[in-house]
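Participant:
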Amino acid sequence: MQRKKKSILITGCSSGIGFETAKYLSKNGWDVIASCRQKVDVKKISNLGITCFHLDYHSEKSIDLALDNTLSVTNGKLDAIFNNGAFALPGAMEDIPSEAMKEIFQANFFGWHYLTKKVIPIMRKQGYGKILQCSSILGFITLSYRGPYNATKWALEGYSDTLRMELEGTGIDVISIRPGPIKTLIRENSINYFNKWIDWEKSVLSNEYKNYLIPNLKSNKESLFNKLFELKAEDVAKIVLKSLESKKPQLAYNVTIPTKVMAFLVRVLTKRKINKILKSHSTNHIPSDT
Numbered sequence: 380m381q382r383k384k385k386s387i388l389i390t391g392c393s394s395g396i397g398f399e400t401a402k403y404l405s406k407n408g409w410d411v412i413a414s415c416r417q418k419v420d421v422k423k424i425s426n427l428g429i430t431c432f433h434l435d436y437h438s439e440k441s442i443d444l445a446l447d448n449t450l451s452v453t454n455g456k457l458d459a460i461f462n463n464g465a466f467a468l469p470g471a472m473e474d475i476p477s478e479a480m481k482e483i484f485q486a487n488f489f490g491w492h493y494l495t496k497k498v499i500p501i502m503r504k505q506g507y508g509k510i511l512q513c514s515s516i517l518g519f520i521t522l523s524y525r526g527p528y529n530a531t532k533w534a535l536e537g538y539s540d541t542l543r544m545e546l547e548g549t550g551i552d553v554i555s556i557r558p559g560p561i562k563t564l565i566r567e568n569s570i571n572y573f574n575k576w577i578d579w580e581k582s583v584l585s586n587e588y589k590n591y592l593i594p595n596l597k598s599n600k601e602s603l604f605n606k607l608f609e610l611k612a613e614d615v616a617k618i619v620l621k622s623l624e625s626k627k628p629q630l631a632y633n634v635t636i637p638t639k640v641m642a643f644l645v646r647v648l649t650k651r652k653i654n655k656i657l658k659s660h661s662t663n664h665i666p667s668d669t
């Protein structure tokens, strides 16, 4: 079968940003190779007519196989990758077990590095390519009770900045996509990780968990903040396409008004003032849908 001209491997396509980006890019002429951690979701994507393989960031063998399968259908070339799959773990940092930090960093950072490291030689040989990283507003600001996710996204920002400098002149662009409040399933999915790792009843902050974090975590009520500023996952997909088709893409794309506002404020205000603003945020206990 003859493939389309430009190809992209997208991770984390089970739902949300990955799912919508895979569909949107496919509709706009890109040869999309999607990937999902759950094999049932691989079938779901494949039924849409989009090539999809199993890829689990926790398994290097899985990443190797997914990349090999991808290259087998793109004739050994790859125009772009979009590292996207991630999860959130709500809770106070003093209550997060070390093993939990290892798990989230494997899924949100180390797995991304492994895949990126495998792709770079391919792009170097081609003389071109784009590495897109789905970062977050929480890659340059922090909110309490979201520490593990904050940490992985801050690490990703530093990683991407370094990689960009090292690849300058190779024809390979490194682009950070920074969503703010986006309607996805990340908050709902974070409940499972919270239940797995956080023994909140034994925490000195048990009242905070009981009265604020857990009710907000499980609430289906849409906050005024989200009503005003939350965008759909497809809005991120549109920015992804824009960055892919730009001859001179931005180093980072801030998606949603809150992301753009905070990106400005962190440049002009002191850290203390920024923290005061964020600490007073009424939804500070709700894990970010980014």
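Counting from 380, one number per residue, gives the positions in the sequence shown under the numbering used here. All C-beta atoms, glycine included, are put in the ideal place defined by N, C-alpha and C.
(1) Would T531 and I483 qualify as a contact pair, given that the criterion is a beta-carbon distance under 8 Å?
(2) Hey, is the region 428 to 442 in contact with the region 467 to 474, meaning 3+ C-beta pairs nearer than 8 Å?
(3) Give me whichever residues DSSP pairs with Y591 in a beta bridge.
(4) What separation, rounded to the nearest whole angstrom, lies between the Cα atoms of K650 and S659?
(5) What are the complete alpha helix (DSSP H) segments, minimum 4 residues, inside the region 615 to 666?
(6) Can you tell which of T449, Y403 and T453 has its C-alpha closest to the C-alpha of K384?
(7) Quick one: is P500 buried, meaning 16 or more other Cβ sit within 10 Å of its Cβ, or exposed?
(8) Assess, as a yes-or-no matter, whether the region 434 to 441 is touched by the region 501 to 521 under the definition of 3 or more beta carbon pairs within less than 8 Å.
(9) Please list the terminal residues of the continuous beta strand (DSSP E) segment that includes V411.
(10) Would a C-beta distance cut-off of 8 Å place S386 and D420 closer than the cut-off?
(11) Does the separation of the CB atoms of A642 and K562 fall below 8 Å?
(12) Can you tell me where the beta strand (DSSP E) holding V553 begins and where it ends?
(13) Rounded to whole angstroms, what is the Cα-Cα separation between T662 and K456?
(14) Enumerate in chain order the residues of its own chain whose CB-to-CB distance from L584 is below 6 Å, with the five nearest sequence positions on each side excluded.
(15) Using only CA atoms, which one of I551, N463, W579 and P476 lies nearest to N487?
(16) Return the residue from the list P560, E624 and I516 that minimises the CA-CA distance to N407.
(17) Compute the distance between the beta-carbons of I636 and F608, then report whether it is under 8 Å.
(18) Just list the residues that DSSP pairs L610 with in beta bridges.
(19) Give the C-beta separation of F461 and T390 to the nearest angstrom, bearing in mind that I take them to be a contact with Cβ-Cβ under 8 Å.
(20) Over the uninterrupted alpha helix (DSSP H) stretch that includes Q505, give me the two end residues.
(21) Can you tell me whether DSSP reads K423 as helix, strand or coil?
(22) Applying the criterion that 16 or more other CB atoms from any shown protein chain within 10 Å of the CB defines a buried residue, is E545 buried or exposed?
(23) Identify the continuous alpha helix (DSSP H) that holds S451 and give its terminal residues.
Facilitator: Judging by the given coordinates:
(1) yes
(2) no
(3) Looking at the DSSP output, Y591 shares a beta bridge with no other residue.
(4) 14 Å
(5) 636 to 647 and 650 to 658
(6) Comparing Cα positions, the closest option is T453.
(7) exposed
(8) no
(9) Run containing V411: D410 to C415, per the beta strand (DSSP E) assignment.
(10) no
(11) Taking 8 Å as the Cβ cut-off, A642 and K562 do not qualify as a contacting pair.
(12) For V553, the enclosing beta strand (DSSP E) has its first and last residue at I551 to R557.
(13) Summary for T662: the model assigns pLDDT 49, below 50, so the residue's position carries little reliability; its value from the coordinates is reported in the next sentence. Between the C-alpha atoms of T662 and K456 there is a straight-line separation of about 44 Å.
(14) A471
(15) The residue among I551, N463, W579 and P476 with its C-alpha nearest the C-alpha of N487 is N463.
(16) E624
(17) yes
(18) Note: L610 sits in a beta bridge opposite I561.
(19) 7 Å
(20) G490 to Q505
(21) helix
(22) Looking at its Cβ environment, which holds fewer than 16 other Cβ atoms inside 10 Å, E545 is exposed.
(23) E439 to V452
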